[in-house]
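4 protein chains.
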Amino acid sequence: MANIKCIGVLTSGGDAPGMNAAIRAVTRAAIYNNIEVKGIMRGYRGLIFDEIVPFKTNSVSNIIQQGGTILKTARCKEFMTAEGRQVAFEAMQREGIDALVVIGGDGSLTGARILAQEHNIPIVGLPGTIDNDLNGTDMTIGYDTALNTIMDAVDKIRDTASSHERLFFIEVMGRECGYLALNGALATGAEAAIIPERVFESDQLGELISNGFRKSKNSSLVLVTEGDITGGAMTMAERVKKEYPQYDVRVTILGHVQRGGSPTAADRILASRMGAAAIDALLDDQRNVMIGIQNDKIVYVPFSKAIKKNKPVNEDLINTLKVLSI
Amino acid sequence: MANIKCIGVLTSGGDAPGMNAAIRAVTRAAIYNNIEVKGIMRGYRGLIFDEIVPFKTNSVSNIIQQGGTILKTARCKEFMTAEGRQVAFEAMQREGIDALVVIGGDGSLTGARILAQEHNIPIVGLPGTIDNDLNGTDMTIGYDTALNTIMDAVDKIRDTASSHERLFFIEVMGRECGYLALNGALATGAEAAIIPERVFESDQLGELISNGFRKSKNSSLVLVTEGDITGGAMTMAERVKKEYPQYDVRVTILGHVQRGGSPTAADRILASRMGAAAIDALLDDQRNVMIGIQNDKIVYVPFSKAIKKNKPVNEDLINTLKVLSI
Amino acid sequence: MANIKCIGVLTSGGDAPGMNAAIRAVTRAAIYNNIEVKGIMRGYRGLIFDEIVPFKTNSVSNIIQQGGTILKTARCKEFMTAEGRQVAFEAMQREGIDALVVIGGDGSLTGARILAQEHNIPIVGLPGTIDNDLNGTDMTIGYDTALNTIMDAVDKIRDTASSHERLFFIEVMGRECGYLALNGALATGAEAAIIPERVFESDQLGELISNGFRKSKNSSLVLVTEGDITGGAMTMAERVKKEYPQYDVRVTILGHVQRGGSPTAADRILASRMGAAAIDALLDDQRNVMIGIQNDKIVYVPFSKAIKKNKPVNEDLINTLKVLSI
Amino acid sequence: MANIKCIGVLTSGGDAPGMNAAIRAVTRAAIYNNIEVKGIMRGYRGLIFDEIVPFKTNSVSNIIQQGGTILKTARCKEFMTAEGRQVAFEAMQREGIDALVVIGGDGSLTGARILAQEHNIPIVGLPGTIDNDLNGTDMTIGYDTALNTIMDAVDKIRDTASSHERLFFIEVMGRECGYLALNGALATGAEAAIIPERVFESDQLGELISNGFRKSKNSSLVLVTEGDITGGAMTMAERVKKEYPQYDVRVTILGHVQRGGSPTAADRILASRMGAAAIDALLDDQRNVMIGIQNDKIVYVPFSKAIKKNKPVNEDLINTLKVLSI
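Chains as they are written, first to last, in the UniProt record's numbering: chain F, 1 to 326; chain Z, 1 to 326; chain S, 1 to 326; chain B, 1 to 326.
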């Protein structure tokens, strides 16, 4: 067993619902195994600017249900430099932190990987991002909550959809990953999802319109992944206005609403299991791995593999969406 | 007692949560009093294009909890003309409809008023709009639900607010009425509301910034009423970027999400009471009145008074918001 | 103006959603007026056992949306005695607390009244109880949230109501007050509410059954106020089983679920206004009053009047429920 | 390809959120493949008493988000006899129904299996039950929603948990399966779950109490699976009152609330995929199979395997719960 007496835990990058459940699990599982815990505030920034607080069992009481992260999160440009990471490493030594648990997305795990390489520190990552865009894990912490938030919003929009041939474009998060848009469309009975993975294959909007959307006279709802690849909902709306002026087009951009909210049961359970597994991994001499879940089992995924961007889209879902939107 | 044997009920204009509860109450209260009910689809349009369906007790079963309106709603330009209204009147005669109950906002009630004047028909209105901008009633059907929807969204945005000096502008509905923005800000602990009623009195944004927002280093949330008077959230953001480039500004436009959702208890109860009161009013020989609620009591408000635009803003709320955002 | 330099704030009795919003408003309005604030833990118990903490502006940050009370609440038998209250008074003197703001129901306000009488202390009360059973105020803090919680639960039960002639009795809180049951029934389209105020007038269950419930073959939902006066849902179920064995009866007892949850917009706004008003009242030399709201205006209600138990039931609501459940 | 021109679809047994999404998917996928659809009301009862309605694409519009089942469900004792099933079979022949899709739990699938054996009919089942107690599928339709409903209720109960050493027993559904209790405890940070799978191994309540629950002085929440095996929450409470009178015990029985509510995204997506897969299976000449999901892939599970009761409990979850409740 590794000789780890004290760990630091931090959240980094965009926050995601369930991060608090993960912090709670990491903290309690460590203490259960007689390991001391220090909470590092505002991501890597807290290491560099020395915002580090001791964590006890009750530091994480009554947070499992809270959105956001009690450790806060921040981008930190100092950590982008080798000098900054040296400062961070020295802070860890000064505080007696033997290992780190980093909760965040691919940027955060990339940072973890570099820090671990430069200073030979045991680091374990947890996938905390609503985008579900990490490899090696079926689910990331926050994805299920964001999906349900999107669903609730789209349900409300459909309530108000009147008898006009109205076309709603609803922009959702996901960056280069169409998971949220595709699953959000399936969950809400939307007509279609326009996703980055398909942009270079086909003119998704053109096909949709030339198929006449749903054949009924009801409103049509289309979910669009944000970002430059698809162009986002505004770009869609402008194109429709120009090419198909007969449609009455509306746009909703859900924005930061998708990052917040009390986590769902699935996210809390996932975060709890992964948080406990992070401590097991450290006790098991693992390092430079992200905790993943595959087929409902905990797995260790090397950082190098987790952050490679090639997560394939599930063709089965695309096909089901098409069949059900007749 | 008026000799009313059959009424028509319709919803018109922008929809609002609780309209279904109102339709249910109108229908059941009429049948309870041995009055026949006909549902008119798509607002005044259904009168002109003859989309009228007989309604029984169970036509309105299991709808009290649904957002939107089962009668649909539409704008109808034909109804803007005297000829169109003549066609509508003839449809009522043909269908044996002796009186109308119209559920909608000020545009819908204005239409009702003109129709009643031209053709001497008993019409009673119900205030159905999320904007709460009608006179003579403390509350309109849909306002409480929209307010809670806004609150839930802002709660989620605050979850993700990190430690930066970030400034979120969140645009909410309300047209010329700052009710939703002001009460939404109070309910969420936001720093401020920028509302149309104050635009000509003071530079709300300028004062906010020169006061340094909240004194803490946390994010600041500001709710802004949509529309030309305030300029909306985008305009605010652009001005801040130009004049105060040190702030990191984000914009969320909640949009049509605010019109949907299962109505709150307050909206369902209000709609139920007002729907039953509409039938009481007709039985009591009332016409050309909107049902209002004042001090928890049902009142009859002449259409002419209800649609006058001078609803004052509650100064007490503005002051409370200021005191609590220190 | 009263010479008040420091106030104490406490929550007492059963907790209610919105208590945190009230604590926040009391604290911030006090500080805004240059009054120091001390938070007293676990109700009157904190005075006697000296659990008193200084409160700053950020002691109440990010709590407006939280259920429960950060000050905790407890019953305190020591406070029932004159000796106990003497100890409490001495703690206030020692801590330099010049006045108290007490948030709670009738038991808590009765305690406040006695303490004020014995020791000549300025005390202002806020009505914090889900039961809405205090006089002199249209609404109490927590009532609207509890009503919506009940509504959500009954909506779910109705989803599962199948085609049998099934009879659901759903027991809700309210003690001697039928407000929650009556308004809950209206909001959910339930068939009836069995409430304490009517027990001595009529056999509510007997009438319901002899009228054959709703005439349809669907399930019937009946809300019942807890407690000895009505007998509660279990007693109803047993009576039906004995006298009308043809009915398939089910019971749900919602229990403590009704006290929790993030407060609704209405409760947060009410709590914020009342909390700010409590400080205004103290600055205005008021004492021995509960802050109430009447016709959307803040009023001062003498404790003696607030805790008198004779709040009448709204006959209009009972009649509307009857009309709409045909 | 099987020569199927018309299918019947029915829901049977206890209802579950997501059944409507499944009905929608079955209907649309069938029509997409040029198969006619007939909706059979009230489960097998509709076959015997001839309540069968033709279903079109828009028969299932706007239902994906609704709890319950538009086809209703009922127990049917006539279907328990060979004579009853003969009547059902004749109804299918008369209506021209070539194959059945049955959505329900193990009782419903057992009925499907017998009907298929006796009359050589192609039948495909979908696992619709909140209990998640079927073999051969990782998830059943309705489980995720019920779990989130339980979580929301327990979150509210925790809000009101005060400083006493109070012990809440919260009874949840699940019949002979502890899934909901165990995962509900994990998701809410409860102290423990008392589940049927462990009853014969150990005295779960005794161990819990002798360990002193959580070491803090806060309330303890324990989830208990309903039913004779564990004895349910009331039995727990009585035992504690007798053996450990120092504890202040409270009981909440969530009851039918758990079966209702708008389905979560996960349940809607699962139901949509499974519904489409049911038609694929029939087109692929499959019969006597339940559609399952394993490792996010659709699988066909023979009825005989699906309804065998030996689903093991996940030891990893039990251990994680123990570690995190220190």
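From the three backbone atoms N, C-alpha and C, an ideal C-beta is built for every residue, glycine too.
When you compare only the Cα positions, how much space is there between residue i and residue j?
i, j, result
"Z/F168", "Z/T320", "21 Å"
"F/G104", "S/N120", "57 Å"
"F/L205", "F/P196", "12 Å"
"B/I209", "F/K322", "54 Å"
"B/G43", "B/V249", "41 Å"
"F/V222", "F/T160", "15 Å"
"Z/I293", "Z/D138", "6 Å"
"F/P127", "F/T145", "14 Å"
"F/M1", "F/L283", "Because F/M1 carries a pLDDT of 49, less than 50, the predicted location of this residue cannot be relied on, and no value is offered for it."
"S/C81", "S/L100", "First, the amino acid is wrong: residue 81 of chain S is Thr here, not Cys. Straight-line Cα distance between these residues: approximately 19 Å."
"S/T252", "B/L254", "7 Å"
"S/F79", "B/A153", "33 Å"
"Z/D15", "F/S219", "15 Å"
"F/K241", "F/R166", "12 Å"
"Z/D316", "S/I318", "33 Å"
"Z/V199", "Z/Y244", "20 Å"
"F/I326", "B/I31", "9 Å"
"residue 334 of chain S", "Z/P312", "Residue numbering for chain S in the displayed model covers 1 to 326; residue 334 of chain S lies beyond these limits and cannot be assessed."
"S/Q258", "S/Y143", "10 Å"
Compute the distance between the beta-carbons of residue i and residue j, then report whether it is under 7 Å.
i, j, result
"Z/G8", "Z/I40", "yes"
"Z/R273", "Z/I64", "no"
"S/M19", "S/G125", "no"
"residue 336 of chain Z", "F/I170", "The structure shown does not extend to residue 336 of chain Z, since chain Z is modelled only from 1 through 326, so no value can be given for it."
"Z/N34", "Z/I279", "no"
"Z/V53", "Z/T27", "no"
"F/T225", "F/G189", "no"
"B/T149", "B/I194", "no"
"S/L147", "Z/A265", "yes"
"S/L109", "S/T11", "no"
"F/N183", "F/K308", "no"
"F/A271", "F/I141", "yes"
"F/C6", "F/D98", "yes"
"S/G260", "S/G84", "no"
"Z/F303", "Z/N288", "yes"
Locate the alpha helix (DSSP H) running through residue i, then write down its first and last residues.
i, result
"Z/L324", "E315 to L324"
"B/G292", "Premise fails: B/G292 lies in the beta strand (DSSP E), V289 to Q294, not in any alpha helix (DSSP H)."
"B/I70", "Careful: B/I70 lies outside any alpha helix (DSSP H) and carries neither H nor E."
"F/I209", "Q204 to S210"
"F/I114", "D106 to H119"
"Z/V199", "Per DSSP, Z/V199 belongs to no alpha helix (DSSP H) and is neither H nor E."
"B/G84", "A82 to E95"
"S/K305", "F303 to A306"
"residue 331 of chain Z", "With chain Z covering only 1 through 326, there is no way to say anything about residue 331 of chain Z."
Please list the terminal residues of the continuous beta strand (DSSP E) segment that includes residue i.
i, result
"Z/G8", "C6 to T11"
"F/I123", "I123 to P127"
Whole-angstrom Cβ separation of residue i and residue j, contact assumed at under 8 Å?
i, j, result
"S/A112", "S/G275", "Wrong, their Cβ atoms sit about 16 Å apart, outside the cutoff."
Problem set entry | Completely contained beta strand (DSSP E) runs for the stretch 226-278 of chain Z, where each covers 3 or more residues | 248-253
Exercise. Can you give, in chain order, each stretch of the alpha helix (DSSP H) that sits fully within the stretch 135-195 of chain B and has at least 4 residues?
Worked result: 143-160 and 179-188
Exercise. What are the uninterrupted segments assigned as beta strand (DSSP E) that are 3 or more residues long and contained completely in the stretch 36-61 of chain F, given in chain order?
Worked result: Segments of the beta strand (DSSP E) lying fully in the stretch 36-61 of chain F: 36-40 and 52-55.
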